[in-house]
Every structure is written in C-alpha cells, then in structure tokens.
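Numbering (this note's numbering), first residue to last: -3 to 691.
Virtual Cβ for every residue (Gly too), placed ideally from N, Cα, C.
Some notes on the structure that comes next.
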C-alpha cells in the first residue's frame, strides 16, 4: 500500500510524476473532469443563486470508483491538476467526489514536470483556491446560460444543431465584419517611381520621396499618372547629387518568450500548424517524453499562460548556455523592458524549455517530426529572448535633381545578437533582408541607369487567418489562452465559417445567425461587453468580485431579451443551393447541404429518397495510377484538402499535394505543387526534377 495518493489529469503526466516521487507515492489519472453540468438540461438553478447542478460525467463512474478505492487506502491525497482555473476546478470536483477537505493542504501545483519542480511543489501543498474555482464556475455557468437559452431559439427559428456562445459569436462577427470591409472596399490609385542608380560601378535602388520647396523637403504622394509625368518632366538630366547621407546605429530587441497566443500565431506562420494541433503537441511536450536513459521528462513549462515572465533560475541557465555556445558578447546585459498587456493574469511563467541544455538536436530522436519542430520553435524563441539585441547599421541617402528628391534606405547587420538563433515571423511572410548601399559621400553625383514608374491600387484588409484572429481576440481582451483553439474549432464545425486558402470566410448560415443574435442579443457580440465580462471573471479570481453578483447582473437583462426573442424572432428558411444535377436514384434535383464535415450533395426528394454524394472538384488531371479516373479535390474529416481518384474505392490513388496537368519533362512522372516558404514549387514525385518557386 502506498502512503500517499496523487491525482493528476492524464496518464502520461501520472507516469512521469510517479517516477520523481518514489515508492511511497501512487499517482493516478482522473482523465480530466469527473463532474460537469448535465448535457440534457441547463443544469443551473436560476432562482437559487444560480446554483449549478453537477453530475458525474458519463463514463467516469469506473474512474471515480478506482480513485475512491485508492483514496481510502492512502494516508493523504494530493490533487495535482494543471496550474490554472480549470485545473483548480478539477481539483475541487475531485475533493467533493472523494469526500476530501478542500480547506486542508491537499492541492499541489507546478509549472513544469521536472524532478526538482515536482519535489519542491510537494513541500508546499495548499488548500484549494476557491476564488479560482469560482472564476471557472462563473465562466462555465455564463457560457451554459448563453448557449442553452439562445440555442433552442435558433433551432426553432433557423435550423437544428446551431449554437451560440460568448466568445465564438464575437469571433464569427469579426470574420463577417472583415468580409464586409473587403466587399465594400473601394481601391484607390497611387503610383511609385523607382530609380536605379550607379556610383563607382555599384548599382543601388532609390524611391521617389518628394520635392524641395524653398529649401524644405516635402513628401509628396503620387495619385495619378499626371502626377508622375509632372515629376519626370522636372528631372533635367541623368545626374543626381547626393544631398545628404545619414548613418545610424539601430538596436533591435528580441521578441519575448512565448505565451499561448503568440505560440499559436508563430506555429501557424512558421510551421503551418492549426491552433488545435499546436496545443495538442504542446500538451505532449509538457506532460513528458521518454528520453531513454534520462527517462520520461517534461520538456516545456505549462503551455496555457498569458505572462512573459521567466524565473530567475531559467534566466541564469540560459545566460550560461548562451555564453558557452556563442560567447559572452551574446548574453543579455540588461533586462529588456516590455509593455505589459492590461489583460495579463501573470499566474505563471512564459512557455519555455524546462532545461535550455536539452537542445532540440539532443532530443530529436525521441520526438515525432511535429513534436520536434514545435519544441525547436519554443527552444529557439526562449534562447533568443535572453540574448543581446542585434545591432544594425542603417543608412538613409537623399538624392536631388533640381527640386526632385529620391531616397534610398540601406541596412546591414553589424552584430547579429539574438538573430543568430531566431527571428520572429510576420503574417505576410516577408523576411527582413540586408539592403546594402555604396559608401556614398555628400556632394558627389550618381548616374541614373533607369527610372521606372509603376501604377498601384490600395488593397483591402486581408481575411483572418487563424494566427491573425487569435492575435485580434487577444488584443481585444476576448477569451483566454485556453479558449482560442476550441473556439476556432467550434465555429467551423457549426458551419458558421469556412477556411479558404487558410483564411476564414463566413458562410450564409453564419451571417444569418450573427444577424439574429445582433438584433436580439447585441451584448453577446459586443466586443467591449465581452471584454468587460472577461475582466470581471479575472476580478472573481482575484477575490474582488462575487461570482453570483456578476452572473445576476448579466442575466437580469438577458432574461428580458430571451422573452422578446422567443416572441418576435421570425423563422428563417435557408434555401438549399441547387447542385446542377439530378439524383441517379429517383431523378429529382440534387441540392447542396451543409454537414458536419462541410458541404455535400443530397436528393431534394428527402426523406423519400436518401441519396447523398460528396462534392468533388475535378482539377483536369487523369489519375496517374489507373489512367481511367479523374483526380478530384476532396476534404478529410479534419477538413484538410487532399487529392484522390474519382474511381475510389476501385482506385486508391491519393496525394496531399496538388497534381499538375503535365508530365515531368525529365522522367514522364507525376508533377505536384509543393508549398514551401517562398511560395509554391512544382516537383516530380519520381525523380529530382524541380522548377523555380512561384510567389
């Protein structure tokens, strides 16, 4: 019999922790929550201070029975769920189910699953923090009231299976608003003039900047071709005088270590990971990886955090590694001051490796390809965050011909600093490159080689990618680190939005639902209101607000709106889109419907005829395997596009990369489009033939 029982959420975590604690400890997993609100009813007693009605989650009976049996045999039970609101609530529910005293020192928390961190945390057990539990309960009850009260109205007025939620409704509204901006965008014409110049046999480029009026430089915009002609007419010869040369040294500070949202954004930019995948892999790295001789070790700190804070011991270890690997000059001499987000809870550290000496290359063999790529990203970001700033030599040169001014900007890295390890990605995938200029001298002349005017039109704002949407939700104070991935997943599963070229596009259903919510429950999609609710939840966690009062303040107005919506919301009929073909079973027209995994074709004679078909899109390529069928675009259950033969299952040809409608000129093999960082590259699947990347 073990003296102590420790309960965590997952078996992987249990296995790692048990090894660190020794024979006196038995570690078991609750497999997440053991109690929750019932699915079949609201489960909140509105007339009794919003008392929640918790029940044992279906299927958790055997788990609870085993935990109760183990608890009776143990001298002491420790609850070691994750160090956040959700983890605190799991611990509280377990205490209730196992008849433990939640005011006793039964709660243990740790930010990383390493031997030192685990053993240290068990020296400082504490009671369950009821402020954290109340904050989680308040969020759960708020979401239940919104979801279970609005959803039935939507089922009745629109269609079954719809749902409404506080964070998901705001997310869909943002996507719809962005789509309307794009639709209503009116492009404006503008021009640029680029010049290629030569100085001492070196070529460089400068852009038209403005004009010199009475000795004063004035920037000028070129809005039409006439503006361009007027500027070009003022240039008298091919010689431009070097009017000014300004050289500066500029420091560039490293990005802070990852928080949940920045990890999701950067993993999307650099690794092409969806938010859900990023969090799943991060959970695996946190809970522990078997490293062979070293055993199972948690490789990163807790992955749900909104703080960039780093422990003193982690900073010291990083500085030691950087000095040894790159030299003392690469260490950070002063702490970089960072502007704090007002929404940050700062409950625990940023996401970092548990030991900087576990380099990505040293653990690569123990990780899957995607685990390795994510760990490498986290490790490099952390190490770079503790390194010296990069120093850039910048040069700004103004060239003058009569009154016309061209400006050239150049920069080169004088000292790479943190850039030796890592540089943060950007949403437009443009990397900063050195633009070197000749060593120009004021008063000298340069020769014009080419002057090229170009017409442009302003572009509408881009649609939201997952990374952009997460960033926007975070900036607006909507949701918390743990909510982003499930929110993005839900709005797609409900059919409110679709992903096109990795960008969110609202569906007709999404627009209808948000319009109805906007008409009858405006506060639900009001950004300021939702952000205020998040702040009040934080204040509950800090013990500054009473959770019952917060919910009651919301529900008093919400209840009135529910009654009005029930009476006044008109039924909306979503007409099925014609598919343009007839049912092969009964001859009735086929229509396009929205299902769990996206659009599909169904017979309009339903329910008398239940014929359905997947929607396939031919890409103009004959199947390379059977030479009979056509290659068609399909979607997996996870909504990822792939390509297969139209004769499936007779022919099982499948490809994640899009086939090209021409053979390889080298071996006659199949050519496919491969997505790479620089764009799309056409490659052969049979030989080493490759074409230049297309932007």
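Judged by their CB atoms, residue 476 and residue 541 are not nearer to each other than the 8 Å cut-off. In the displayed model, residue 363 falls within coil according to three-state DSSP, outside both helix and strand. In the three-state reduction of the DSSP assignment, residue 122 falls in the strand class.
Ranking 391, 19, 202 and 77 by CA distance to the CA of residue 243 puts 391 first. Beta-bridge annotation (DSSP): residue 213 is paired with 208. By a beta-carbon distance limit of 8 Å, residue 128 does not contact residue 162. Their separation comes to about 20 Å.
According to the DSSP assignment, residue 679 belongs to the beta strand (DSSP E) that extends over 675 to 680.
Going by beta carbons, residue 481 and residue 275 fall inside the 8 Å limit.
Contact between the stretch 547 to 566 and the stretch 138 to 153 is present, with at least three C-beta pairs closer than 8 Å. In this structure, DSSP gives residue 549 a helical state, which the three-state scheme calls helix. Going by C-alpha positions, residue 29 is about 26 Å away from residue 43. If you look at residue 7, you'll find it in the alpha helix (DSSP H) that goes 7 to 17.
Counting only the Cα atoms, residue 458 lies some 12 Å from residue 497. The DSSP-derived three-state label of residue 586 is strand.
Contact check for residue 437 against residue 656 fails: the beta carbons are separated by 8 Å or more. Residue 116 is classed as exposed because its beta carbon has fewer than 16 other beta carbons within 10 Å across all chains shown. The three-state secondary structure of residue 103, taken from DSSP, is strand. With respect to the 8 Å criterion, residue 442 and residue 205 are not classified as neighbours on the basis of their beta carbons. Take the alpha-carbon of residue 500 and the one of residue 394: they are about 43 Å apart.
Of the candidates 625, 528, 74 and 508, the residue whose Cα lies closest to the Cα of residue 151 is 508. Note that the C-beta distance between residue 350 and residue 295 is below 8 Å. Secondary structure of residue 192 (DSSP, three-state): strand.
Using a Cβ distance threshold of 8 Å, residue 169 and residue 568 do not count as a contacting pair. Residue 245 places its beta carbon less than 8 Å from that of residue 410.
Inter-residue distance for residue 299 and residue 256 is about 6 Å (C-alpha atoms, whole angstroms).
Annotation for residue 240: the continuous beta strand (DSSP E) segment containing it runs 235 to 248. Per DSSP, the unbroken alpha helix (DSSP H) holding residue 176 starts and ends at 162 to 180. The Cβ neighbour count for residue 176, taken over all protein chains shown within 10 Å, is under 16; the residue is labelled exposed. In this structure, DSSP gives residue 50 a state outside helix and strand, which the three-state scheme calls coil. When rounded, the separation of the alpha-carbon atoms in residue 355 and residue 68 is 43 Å. In this chain, the beta strand (DSSP E) harbouring residue 407 covers 400 to 411.
DSSP, reduced to helix, strand and coil, places residue 1 within a strand of the structure shown. Here residue 397 carries a strand assignment [DSSP, helix/strand/coil]. Of the other Cβ atoms in all chains shown, 16 or more fall within 10 Å of the Cβ of residue 297; this residue is therefore buried.
About 28 Å separates the CB atoms of residue 250 and residue 362; that is not less than 8 Å, and the two are not in contact. The continuous alpha helix (DSSP H) containing residue 58 extends over residues 57 to 69.
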